[in-house]
């Protein structure tokens, strides 16, 4: 079967999650990567490194307007062109919307935020975690074509180098209905740190940091991880909302999650419950997070963390 | 002009849930509520009502009779009236079926110039319904708005997602979804609660919408659930009390082991 | 000689003629009458000169107290009247569309309230004891009363009242506001009140300040929807989950895990409260707060050791509603209270023991306003009774283990319900010779800062009330602060945690349990003595 993978990049560099999607695609069939926009050689090489048999570079003038409709339409065209039966898109606020519109156009089944994909009989089965991590659901689509959005960190990316066939395509988006207009775009700033949703180590700060995220950032850097935050820290203005881990923020599934000064309200837990290992530091011995962490320390993070960081360096 | 807010009646986040034989969610009566994220949409709708000429707010949901509880909460917050689409044929619908029903309802209600939604439901959490609605209605999409302003007959939103942040504008009619950063939902005063008792809830069935039962429901759903497995609760690990830095050794060892 | 001190006056006038004297008398009398008329005119014109008016109104005000039996307006909050009738959540369908709740404009105050405002002697005793005022909040019960007095009379404030209001930050700031709160009373003033009742208790002319605070709060919450934003989640949690923390009801029995006896639950293990001696009311703190859960377990163990048959309601308990009522949300309070009253009726509950002073107050003093009448005791009263009856035997610790103890009177047990002695008697003997008292104790006890729904709001102005109270505790030199309410325990522990060194905060129940266990241990033969 042909599997179309939507490739995304930040600052010209391929997103780590796409490598995972290509690995999954390779396990199912023939991976075809679709990238909208201008691609440099490294990007194409990276796509090949993780097994993309074909790379379709689509030039779409309407993408400057960064419209979801445009992305969905061009991806749909590529899927039909490739006669693909499975479409993989990195999960996210935009990813899910693009995937939904593609599925709507193709009359395909849609399953978002998938954590595992397996070939089964003639088709494909996927796993997804629901209800704040309480249940794992196995599902499949009943339609000929399947569209899945895949959570970053679901499967380790495996290199399977191949020289991909590269195609250039041109797509002109003709909306069939009135569209909105994007007037200002600020792309995600390229950061030295890994993206929160993709990182294998996340260090988050909460109310207990009292506004000073320096220990949180220092520890994240010492471990090569991303920085996250609880809703309380975002509401208090310590960090922007893009740092928020939780039900209405990002759901992360890193190997290591460090919660500093976070009490452990259920909405936050829902966003990090599936981390493999959890360390919590909180001065309140009665904080719920202590019941969840693999190692829980009752103490003052402002004293403990700098000492830990200097030992790690 | 009607501002139509689509809301969902969901079980409470801390309630125990279970699944029926056919893998649909066992919806127990009476213990649900208006999805918290929809309250933000109702709030923004009420604020827009004040700024748009001749606007009223109608709140809409699809569900069983219990779902009226969610509508009541929205009416207490200040919505003018409500519509409940209820029909046994809708049970088990996937997001495409739901979007079909909601889009038809939006057309049936009439004079709708703006459809508003929360960023996702607190139970399923997929977050794609607004995009599908915009597609079905042929209207521009302004989704995941963290901030929303109106200028005459056009709306402007600030949106933050994995690609970055952007400012998007569109004229009415449009489909808008708002995040929990958009502004705290108001607490209904008791006077509002009393006033809400008199507000109208209209019930509609599929026949009233002109939607064929074949296009919705479990049978029409494009996805089938094969199994649901309860994940084990995380057990508490080791808890140590720090005394002037005594925990540092153990923390370092833990971190080094975890990142090997 | 008669009148040795003043007879010289007569001596000086002795030579005057009767006509001259008659004239002097006439002039003196005329001056006196004119001065009196001028004085009456002055006070008649200065209706807000309550320094003068209280002489007449004070007596009336004392007789016009809210409680017919002459007791203070403490304990139960005044019931809310809507259009002259008692508000009952069960009859809201009968309510008029235009009904108003609480007081939004000066005209909406009842005559007793206006009499209160006019009777203030400006003595300031209320202010001296107000925990908010003494920690830098703009709430002085005196200034609050005077501001309303002046507004009721339609007069401007006098210079000193105006300057006191503005220098403390209590001046009404929002001239655009149509309501009292904003225009006359600063919102910070209104929401800083912990309803501790010290003002009501101290007032020499029996002004009932807390009633007026609640009147205003009721309007702000139920009509204007204008209140501290932390109350949004408080109200939402109370309405959807039946407890202020929003935690699931099924966790309400977690405190009983780890007890070596089983606690019967009404509705599950037994059908009626008549099968047991009493209902142990756990309360929300006692079910969800870690410290308070340990207190519930201690009280349960003590009842068990004393042979008292008791049961609990488990998940069927919902919040007593005190926090909602004190925040001004009479509707949410009544919704919760009615639910509890129906549960009590279902199981025939008549006798209750509560471990939280706020629950005690609600169940014993306030539920009767909605038709629920029960015999409610605080756990310190019950334990006191059991020890006197010999059902529990309290053994003092050995001398070298005794530490100095001080006792913090919870406002809702002490001042509001007049129980100062039962806890103290329990503590006598458990610590060093005499219990050492803090500067403000018993009737003048300083609030911990948690009442008036303040437990659920951030304290952003001035210094913290709980720190001020902890300072008093530290000044006694005591190693342990005993208290009898979970909110006091939480507030004082937080204050202690913010200090480098602080006394341990513990509920009286834990000290009693240790004393009782000491007695039991000494009664058991030691293991190594057994052959």
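Chains as they are written, first to last, in our numbering: chain V, 250 to 562; chain F, 191 to 450; chain Z, 101 to 631. Ideal Cβ positions, reconstructed from N, Cα and C, are used throughout, including at glycine.
{"Item": "What is the rounded straight-line gap between the Cα of residue 224 (chain Z) and the Cα of residue 424 (chain Z)?", "Value": "29 angstroms"}
{"Item": "Does residue 302 (chain F) come out as helix, strand or coil in the three-state DSSP assignment?", "Value": "strand"}
{"Item": "List, in order along the chain, the chain Z residues whose C-beta lies closer than 8 angstroms to that of residue 535 (chain V)?", "Value": "389, 390 and 391"}
{"Item": "Could you tell me which residues DSSP puts in a beta bridge with residue 256 (chain V)?", "Value": "V:284"}
{"Item": "Could you check the C-alpha separation between residue 342 (chain Z) and residue 329 (chain Z) for me, to the nearest Å?", "Value": "19 angstroms"}
{"Item": "Could one say the Cβ of residue 204 (chain F) lies closer than 8 angstroms to chain Z's Cβ atoms, at least one of them?", "Value": "yes"}
{"Item": "Could you work out which residues of chain F lie near residue 159 (chain Z), taking near to mean beta carbons separated by less than 7 angstroms?", "Value": "None at all; the shortest Cβ gap to chain F is about 38 angstroms."}
{"Item": "Candidates V:431, V:489, V:468 and V:493: which alpha carbon is nearest residue 479 (chain V)'s?", "Value": "V:493"}
{"Item": "Got a sec? Which residues, its chain only, sit under 6 angstroms from residue 469 (chain V) by beta carbon, not counting five neighbours each side?", "Value": "452 and 476"}
{"Item": "Between the Cα of residue 585 (chain Z) and those of Z:233, Z:553, Z:479 and Z:316, spot the shortest distance and give me the residue it belongs to.", "Value": "Z:479"}
{"Item": "Going by alpha carbons, who is nearest to residue 471 (chain V) out of V:421, V:560 and V:525?", "Value": "V:560"}
{"Item": "Check the Cβ of residue 359 (chain F) against every Cβ in chain V and list those closer than 9 angstroms, keeping chain order.", "Value": "429, 430, 431 and 432"}
{"Item": "Taking a Cβ distance cut-off of 9 angstroms, strictly less, list which residues of the region 372-389 of chain F are near chain Z, in chain order.", "Value": "374, 375, 376, 377, 378, 379, 380, 381, 382, 383, 384, 385, 387 and 388"}
{"Item": "Using a threshold of 8 angstroms, state whether the C-beta atoms of residue 279 (chain F) and residue 407 (chain F) are closer than that.", "Value": "yes"}
{"Item": "Closest to residue 433 (chain V) by C-alpha separation, out of F:231, F:388, F:357 and F:437, would be which residue?", "Value": "F:357"}
{"Item": "Please list the partners that residue 192 (chain Z) has in chain F, where partner means a Cβ-to-Cβ separation under 7 angstroms.", "Value": "384"}
{"Item": "With a threshold of 16 other CB atoms inside 10 Å of the CB of residue 630 (chain Z), please say whether the residue is buried or exposed.", "Value": "Reliability fails at residue 630 (chain Z), whose pLDDT of 42 lies under 50, so the model's placement of it is uncertain and no value is given."}
{"Item": "Which residues in chain V have a C-beta closer than 9 angstroms to the C-beta of residue 167 (chain F)? List them in chain order.", "Value": "The question about residue 167 (chain F) has no answer, for chain F in this structure spans 191 to 450."}
{"Item": "So, at 7 angstroms on beta carbons, what are the nonlocal neighbours of residue 210 (chain F) in its own chain, with the 5 sequence-adjacent residues on each side left out?", "Value": "216"}
{"Item": "Using a Cβ cut-off of 8 angstroms (strictly closer), state whether residue 451 (chain F) contacts chain V.", "Value": "Residue 451 (chain F) is absent from the structure shown; chain F starts at 191 and stops at 450."}
{"Item": "Just checking: is the beta-carbon of residue 223 (chain F) within a distance shorter than 8 angstroms of some beta-carbon in chain Z?", "Value": "yes"}
{"Item": "If the cut is a Cβ gap below 7 angstroms, which residues of chain B does residue 334 (chain F) touch?", "Value": "The question asks about chain B, but that chain is absent: this structure's protein chains are V, F and Z."}
{"Item": "Mind listing the chain F neighbours of residue 551 (chain V)? Cutoff is C-beta to C-beta under 9 angstroms, in chain order.", "Value": "What residue 551 (chain V) touches in chain F: nothing, since even the nearest Cβ is about 12 angstroms away."}
{"Item": "In terms of alpha-carbon separation, which member of V:362, V:374 and V:514 lies closest to residue 318 (chain F)?", "Value": "V:362"}
{"Item": "Could you check whether the Cβ of residue 328 (chain F) sits closer than 8 angstroms to any Cβ belonging to chain V?", "Value": "yes"}
{"Item": "Return the residue from the list Z:222, Z:279 and Z:260 that minimises the CA-CA distance to residue 305 (chain Z).", "Value": "Z:222"}
{"Item": "Give the residues of chain F in contact with residue 384 (chain V), contact being defined as C-beta atoms less than 9 angstroms apart.", "Value": "207, 209, 418, 419, 420 and 421"}
{"Item": "Rounded to the nearest angstrom, what separates residue 179 (chain Z) and residue 469 (chain Z) at their Cα positions?", "Value": "7 angstroms"}
{"Item": "According to a CB-to-CB cut-off of less than 7 angstroms, which residues of the region 461-485 of chain V neighbour chain F?", "Value": "472"}
{"Item": "Quick check on this structure: which residue in Z:526, Z:577 and Z:617 has the alpha carbon closest to the alpha carbon of residue 604 (chain Z)?", "Value": "Z:577"}
{"Item": "Taking the beta carbon of residue 118 (chain Z) as the centre, do at least 16 other beta carbons fall within 10 Å, making it buried, or is it exposed?", "Value": "exposed"}
{"Item": "Let me know if residue 229 (chain F) comes out buried or exposed under the rule of 16 or more other beta-carbons within 10 Å of its beta-carbon.", "Value": "buried"}
{"Item": "Which same chain residues, not among the five before or five after residue 245 (chain F), have their C-beta less than 6 angstroms away from its C-beta?", "Value": "191, 193 and 239"}
{"Item": "Go ahead and label residue 628 (chain Z) buried or exposed: buried means 16 or more other beta carbons lie within 10 angstroms of its beta carbon, across all protein chains shown.", "Value": "Since pLDDT at residue 628 (chain Z) reaches only 46, below the 50 mark, its modelled position is unreliable, and the value read off the structure follows with that caveat. The residue is exposed, with fewer than 16 neighbouring Cβ atoms inside 10 Å."}
{"Item": "For a cutoff of 8 angstroms on Cβ pairs, would you count residue 318 (chain F) as touching chain V?", "Value": "yes"}
{"Item": "Pair every Cβ in the region 199-206 of chain Z with every Cβ in the region 265-283 of chain Z, then say whether three or more of these pairs are closer than 8 angstroms.", "Value": "yes"}
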